[in-house]
């Protein structure tokens with residue numbers, strides 16, 4: 371597949387990008403091996419027999435309920451706006467993401483004086499279906515806000531729905547990564563702020579809550595540095611956006627050192 375971005379080359383394999391971003395590959399059959407220090411990584415040796423109908427792996431610990439473990443590999447944070455102020459390097463505090471006026475008096479997250487999302491969405495926001503869905507979503511959001519975005523409330527919900535463990539990705543942080551930064555050092559500071567908060571959050575129950583670290587791919591060198599730091603602290607995977615950065619797709623040769631480093635982790 372040839373890239374349409376300027377200066378890009380034909381990738382050796384797009385699969386390499388995906389495998390590099392995931393530190394803990396899910397074992398055969400999609401089960402979580404409780405005997406592993408890092409969930410999702412299969413122990414060395416032959417693969418076990420797997421009962422695809424019952425969804426039971428052997429050997430393994432006792433399942434939480436229903437006779438099998440449930441691993442949610444695409445959960446998301448609901449980041450409080452305060453994390454960008456409280457966790458960012460003080461040298462970047464005056465440039466941290468913050469709530470501002472996106473125009474017409476509408477509040478929204480801003481970085482470097484610009485909104486991180488489009489002011490006018492791609493989908494109609496006045497339809498009956500959209501408004502009903504938004505109302506349902508806000509009910510859940512308000513419940514999370516009332517709980518202080520507390521990890522204990524997440525564990526409570528996981529218990530209620532029979533989820534054993536989650537790999538958790540950013541939400542607002544993911545939107546921030548989609549914005550080109552004039553200063554890659556600022557982006558790296560924003561990533562560190564989110565990652566430090568997320569590591570602290572997941573530390574509430576590290577055997578069940580695992581974070582995916584944001585990487586400042588705008589600078590491969592800074593991304594490698596942050597990947598090594600967060601991997602040592604317990605990150606299960608790494609989060610980047612799929613959109614081209616500075617007209618370069620993720621499989622551009624500029625990122626080869628990053629994928630090399632991630633594969634070593």
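Residue numbers (our numbering): 371 to 635. Glycine included, every Cβ here is placed at the ideal spot set by N, Cα and C. As the structure is a prediction and not an experimental result, all values here were calculated from the model.
| Asked | Found |
| --- | --- |
| C-alpha gap between residue 457 and residue 567, whole angstroms | 7 Å |
| Those runs of the alpha helix (DSSP H) which lie wholly inside the region 498-571 and span at least 4 residues | 498-516, 521-531 and 542-547 |
| Beta bridge counterpart(s) of residue 609 as assigned by DSSP | 584 |
| Among 538, 585 and 589, the one whose alpha carbon lies nearest that of residue 577 | 538 |
| Cut-off 8 Å between Cβ atoms - residues of its own chain near residue 569, not counting five sequence neighbours on either side | 581, 600, 603, 604 and 605 |
| Backbone secondary structure at residue 469 - three-state DSSP | strand |
| Residue 546 classed as buried or exposed, judged by whether at least 16 other C-beta atoms fall within 10 angstroms | buried |
| The region 548-561 in contact with the region 523-538 per 3-pair CB rule at 8 Å | no |
| Alpha-carbon spacing of residue 499 relative to residue 613, whole angstroms | 29 Å |
| For residue 477: DSSP bridge partner residues | 471 |
| Three-state secondary structure assigned by DSSP to residue 631 | helix |
| Exposure of residue 476, with buried meaning 16 or more beta-carbon neighbours within 10 Å | exposed |
| Beta-bridge partners of residue 485, as assigned by DSSP | 480 |
| With 16 other Cβ atoms within 10 Å as the buried cut-off, status of residue 443 | buried |
| Own chain residues within Cβ distance below 7 Å of residue 421, not counting five before or after | Any answer about residue 421 is weak, because its pLDDT of 37 lies below 50 and its placement is not dependable; what the coordinates show is given next. For residue 421, where only same-chain residues beyond five positions count, there are no Cβ hits under 7 Å. |
| Unbroken alpha helix (DSSP H) run spanning residue 603, endpoints | 590-603 |
| Secondary structure of residue 430, DSSP reduced to three states | For residue 430, the predicted model reports a pLDDT of 42, less than 50, meaning its position is unreliable; a value from the coordinates is still stated below. If DSSP states are grouped into helix, strand and coil, residue 430 belongs with coil. |
| For residue 557, the nearest candidate out of 574, 532 and 591 (CA to CA) | 591 |
| Whole-angstrom distance between residue 535 and residue 482, CA atom to CA atom | 36 Å |
| Secondary structure of residue 459, DSSP reduced to three states | coil |
| Top-ranked residue by Cα proximity to residue 565, from 585, 465 and 478 | 585 |
| Cut-off 6 Å between Cβ atoms - residues of its own chain near residue 611, not counting five sequence neighbours on either side | 547 and 548 |
| Contacting residues, own chain, Cβ-Cβ under 6 Å from residue 455 (five flanking each side not counted) | 466 |
| Boundaries of the beta strand (DSSP E) in which residue 446 is found, first to last residue | 441-446 |
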